[in-house]
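J.: Before I ask anything, here is the structure I am working with.
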Amino acid sequence: MIPTERIMRFLPHRFPFLLVDRVLDLVPGQTVVAIKNVTCNEQFFQGHFPEWKIMPGVLIIEALAQAGAVLLFGSIPDPETKFVLLSKIEKAKFKRMVIPGDQLRLEVLLTRVKGRIWQMKGKAYVESDLAAEGEITATVLDVAELKPPVT
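The following block contains the structure:
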């Protein structure tokens, strides 16, 4: 199991946009299983929707992409010298609403690596119910390639 503090070494995301709370299983080069605990205190519930709180589907896909980034960083040498960009989402489907109190189980399978391009399939579950799924493509860059942020 990988706790939040270690996940934050892999991912640049921080509150309120860090959407992986814990990694239950990581098999480098193959798969990752992670958890996102969905609480009533999530900032996105303030506007989506105040009377009927539903986690936006795009954020479920983002949680899968972040879990995929953990898989990627856990599979490469010198991950601190790399930066991962989400390149493409395909075949995204939403099957079940995700509401406060739900625990999302994020399962991501690595399907192909070609140079800097990593392709994965992700599924998000609440208990045994499929909530969302999609195909994720990420591009791995060297940190040295990044332009400094504009201040």
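Residue 1 in numbering that gives the first Met the number 0 sits at position 2 of the sequence shown; the count goes up by one each step and never skips. Just so it is clear, CB atoms sit at the ideal spot from N, CA and C, and this is done for glycine as well.
1) Tell me whether the segment 16–23 and the segment 65–82 touch, counting them as touching only if at least three CB pairs, one residue from each stretch, are closer than 8 Å.
2) Whose CA, out of Arg-111, Leu-129, Leu-71 and Val-83, lies closest to the CA of Lys-92?
3) Between the Cα of Lys-81 and the Cα atoms of Arg-13, Pro-2, Asp-141 and Ile-6, which residue gives the shortest distance?
4) How many whole angstroms separate the CB atoms of Pro-76 and Phe-9, which I take to be in contact at a CB cut-off of 8 Å?
5) Using 7 Å as the threshold, is the C-beta distance between Thr-138 and Gln-118 below it?
6) May I ask you to verify whether the segment 47–58 touches the segment 107–114, counting CB pairs closer than 8 Å and requiring at least 3?
7) Out of curiosity, what's the CA-to-CA distance linking Thr-3 and Glu-50?
8) Assuming Phe-72 is part of the alpha helix (DSSP H), what are its boundary residues?
9) Classify Met-7 as helix, strand or coil using the three-state DSSP reduction.
10) Measuring only the C-alpha atoms, how far is Ile-53 from Lys-94?
11) Using 7 Å as the threshold, is the C-beta distance between Val-32 and Glu-106 below it?
12) In terms of residue numbering, what span does the beta strand (DSSP E) encompassing Phe-82 cover?
13) If contacts are defined as beta-carbon pairs under 8 Å, then Leu-103 and Ile-34 qualify, I think. What distance do you get, rounded to the angstrom?
14) Between Val-69, Phe-14, Met-7 and Leu-25, which lies nearest to Phe-42 when the distance is taken from Cα to Cα?
T.: Working from what's here:
1) yes
2) Leu-129
3) Asp-141
4) Actually they are not in contact, since the Cβ atoms of Pro-76 and Phe-9 sit about 14 Å apart, beyond 8 Å.
5) no
6) Output reads no: the segment 107–114 does not touch the segment 47–58.
7) Whole-angstrom Cα-Cα distance: 30 Å.
8) 56–72
9) helix
10) 13 Å
11) yes
12) 81–93
13) 7 Å
14) The sequence shown places Gln at residue 42, not Phe. When only C-alpha atoms are compared, the closest one is Phe-14.
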